[in-house]
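Asker: Okay, here's the structure, questions in a sec.
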Amino acid sequence: MPQSSALSQKPLKLLSNRVWRTYYGGKLIEAWQGIESPQDNSFPEEWIASVVQARNAGREDKVEGLSWVEVDGEAPVSLKELVEAQPVSFLGERHAQVYGGHLGVLVKALDSSERLTIQVHPDRQAAQKLFQSAFGKTEAWYILGGRVINGEDPYILYGFKPGMTREKWEQLFWEQDIEGMLQSLNKLKVEPGQVFIVEGGMPHAIGSGCFLLEIQEPTDYTIRVERMTPSGREIAEFMCHQGIGFDRMFDCFHYDVYTEEEVAAAFRLQPKLVHESKGFTESSLISYEDTRYFALSSVEIATSCVLGQQGSFSILVVAAGAGNLVWKDGRIQVKQGDQIFLPAGLEELRCERTDGVMLHLLRCFPPQALLVTHTEELHTD
C-alpha cells in the first residue's frame, strides 16, 4: 500500500462501484459515465465514497458496496482501510474524535427503470432499538435527470395521505394489496435540480425513470412492504424486515399524514445562493439547518474556484463537464461521472473548467462532528 500519509494530502479518485439491488436500472448512470452501449441491469446504483457493505440476501459472500481508491501504478486501495488506519489524517481531528474511522455519510447515484418497492428506513431511535446501530437512514435526493418509462414521467411516492393508520397499513401489507398501498402515498413528479429530504420513518418509493444523487446516513437498513417487485422479482423475507421480523418492522414507520401540497412545502428544499461571480456560483442544496446528518452544495464553475477543507473531509461528484483539480503537489483531470474523495489533509484545492460545458460539482459533507459528544455511544457495525 502507498504511504497513506501522502494519500491524505491529495484528492483521491474512486473506482466505479456498482451495487446489486432488488430493482432494475442503471442505464442513465452508464450513459452519464460515458460507457458505450449503456444498459439497464441488476446494478442500478453507484455507491460513492462508501465504507458500508450492502445488505443483499443470498449475496453475502460478494462483499458489495465498499469503495476503492485509484492509485497510479499500483493496485487499488480500500477507502475503508485507509480511513480506519489514519482517521485523523483522512477525516479530520474533530470528526475522528466522534466517529472514529467511520465517514458517517454515504453517497449514491441511482437510476430506476422501474418503480422501487414501497419502503421505509429507520430513524436513529429505531435504528438503535431494532438494529443496535448509531446510524439510522435519513437520506436526501438531488434529481440529476430522468426519462419517460412506459409513457410516464419521473416521479416519487412520498408520505402517507390523510386517513392512514398503523392498523390500516399493516392490513394492506398482510393482504399484499399493492394498489391500496400505492393509493395511500402521495405521488409527485420530479424535475432536474429538485431536492427532497427523506427523514427516517417516512414511507416512500422512488418511481420509474428517476436519475438522482442520494446522500444519506451510512447504513443499508431498508424495510420493504412488497413481497414482489413491479417487474416480478420475488423479495426475500430478510429483504423485507432486515432480520427484525414482520411485526417489528412496522415500528420503523412514522404514521404522520400529509397532502401533496404539504409534502412539497415541507420536504422539497430550496437552494440558497452562497456565492456568485464570473468565476463560479455556489449554492447550498442541503444545510445543517435542514438535517443534522449531512450537507450538500452545488458548485458551477465557469473558469475556476478554490475549495477549502476547513479541517474535515468532503466528497466531490462531477455532475457535468470536465476540468482539472490542482493542489500544491499535482493535478488530475476529471470528467462527468467521476467521484473524488477529498481528505482532511488536503487543505486547499483549485478546480478549473477545461471544456465548453460548465463544470458542475456536487460537494457532499459529513455530519456535524459536535452532534455526538461521547465516542462510546457509537456502534457502527
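In this text, residue positions in the sequence shown follow the working numbering: the first is 20, and each later residue adds one.
Beta carbons: idealized from backbone N, C-alpha and C, even for Gly.
Keep in mind it's a predicted model, so treat the numbers as computed, not measured.
1. Quick check: what's the CA-CA separation for glutamate 396 versus glutamine 147?
2. Enumerate in chain order the residues of its own chain whose CB-to-CB distance from glycine 349 is below 7 Å, with the five nearest sequence positions on each side excluded.
3. Should leucine 26 and leucine 122 be called a contact, given that it needs their Cβ atoms to be closer than 8 Å?
4. CA-CA distance, serine 152 and arginine 143?
5. Got a sec? Which residues, its chain only, sit under 6 Å from aspartate 357 by beta carbon, not counting five neighbours each side?
6. To the nearest angstrom, report how far apart histidine 223 and cysteine 370 are at their CA atoms.
7. Among all the DSSP beta bridges, which residues are the ones paired with cysteine 324?
8. Can you tell me which of the three DSSP states tryptophan 39 falls into?
9. In terms of DSSP beta bridges, what is cysteine 208 paired with?
10. Alpha carbon to alpha carbon, what distance is there between cysteine 383 and serine 316?
11. Among Val209, Pro362, Gly251 and Leu378, whose alpha-carbon lies nearest the alpha-carbon of asparagine 343?
12. Given lysine 206, which residues of its chain have a CB within under 7 Å of its CB, disregarding the five upstream and five downstream residues?
13. Would you mind working out which of Gln355, Leu368, Val376 and Gly330 sits nearest glutamine 116, comparing C-alpha positions?
14. Rounding to the nearest angstrom, what Cα-Cα distance links leucine 31 and serine 86 in this structure?
15. What are the residues that DSSP puts in a beta bridge with alanine 159?
16. If you check the beta carbons only, do phenylalanine 232 and alanine 128 fall under 8 Å apart?
17. Could you please give me the residues that DSSP links to arginine 287 through a beta bridge?
18. Does the beta-carbon of glutamine 138 have 16 or more other beta-carbons within 10 angstroms, so that it is buried, or is it exposed?
19. Below 7 Å CB to CB, which residues in the same chain sit around glutamine 213 once its five sequence neighbours on both sides are set aside?
20. Identify, in the order they occur along the chain, each residue of the same chain with its Cβ nearer than 6 Å to the Cβ of leucine 326, setting aside the five sequence neighbours on each side.
21. Skipping 5 residues on each side, what residues in its chain have a beta carbon closer than 7 Å to that of valine 282?
22. To the nearest whole angstrom, what separates the beta carbons of threonine 184 and tyrosine 274, a pair I think is in contact under 8 Å?
23. Look at leucine 135 and arginine 267 and say whether their C-beta atoms are less than 8 Å apart.
24. Please list the terminal residues of the continuous alpha helix (DSSP H) segment that includes histidine 114.
25. Determine the contact status of arginine 37 and glutamate 55, defining contact as a CB-CB distance below 8 Å.
26. Which residue or residues does DSSP assign as beta-bridge partners of histidine 379?
27. Relative to the C-alpha of valine 217, which candidate in Ala285, Arg246, Ile168 and Glu295 has its C-alpha closest?
28. Could you give the first and the last residue of the continuous beta strand (DSSP E) run that contains arginine 350?
Answerer: Put simply:
1. In this prediction, glutamate 396 scores a pLDDT of 39, lower than 50, which makes its location untrustworthy; no coordinate-derived value is stated.
2. Apart from the 5 residues on each side of it in sequence, glycine 349 sits with its Cβ closer than 7 Å to the Cβ of Lys29 in its chain, given in chain order.
3. The answer is no: Cβ separation not under 8 Å.
4. C-alpha separation (whole angstroms): 8 Å.
5. Around aspartate 357, the same chain offers Val337 as residues with beta carbons nearer than 6 Å, after the five sequence neighbours per side are excluded.
6. Whole-angstrom Cα-Cα distance: 36 Å.
7. DSSP lists Cys370 as the beta-bridge partner residues of cysteine 324.
8. Note: tryptophan 39 maps to coil in three-state DSSP.
9. Sequence check: residue 208 is lysine here, not cysteine. The partner list for lysine 208 (beta bridge, DSSP) reads Tyr174.
10. Distance between the alpha carbons of serine 316 and cysteine 383: 7 Å.
11. If we check each option's Cα against that of asparagine 343, Leu378 comes out closest.
12. Here the set comprises Tyr174 and Leu176.
13. Ranked by Cα distance from glutamine 116, the first of Gln355, Leu368, Val376 and Gly330 is Gly330.
14. About 11 Å.
15. The partner list for alanine 159 (beta bridge, DSSP) reads Ile216 and Ile234.
16. According to the sequence provided, residue 232 is leucine. The question's phenylalanine does not apply to it. In contact: leucine 232 and alanine 128 (Cβ atoms closer than 8 Å).
17. Residue pairing for arginine 287: DSSP places it in a beta bridge opposite Phe215.
18. Looking at its Cβ environment, which holds 16 or more other Cβ atoms inside 10 Å, glutamine 138 is buried.
19. Contacts found: Ile162 and Arg287.
20. Within the same chain, leucine 326 has close Cβ partners Leu368.
21. Closer than 7 Å at the Cβ level, and outside the excluded window around valine 282, lie Tyr177, Gly178, Asn205 and Leu207.
22. About 6 Å separates the beta carbons of threonine 184 and tyrosine 274, which is inside the 8 Å limit, making them a contact pair.
23. Their beta carbons are not under 8 Å apart, which means leucine 135 does not touch arginine 267 by this criterion.
24. Segment 112-118, the alpha helix (DSSP H) holding histidine 114.
25. No, Cβ-Cβ distance for arginine 37 and glutamate 55 is not below 8 Å.
26. Answer is Glu319 and Ala339, bridged to histidine 379.
27. Comparing alpha-carbon positions, the option among Ala285, Arg246, Ile168 and Glu295 lying closest to valine 217 turns out to be Ala285.
28. Where arginine 350 is concerned, the enclosing beta strand (DSSP E) stretches over 349-354.
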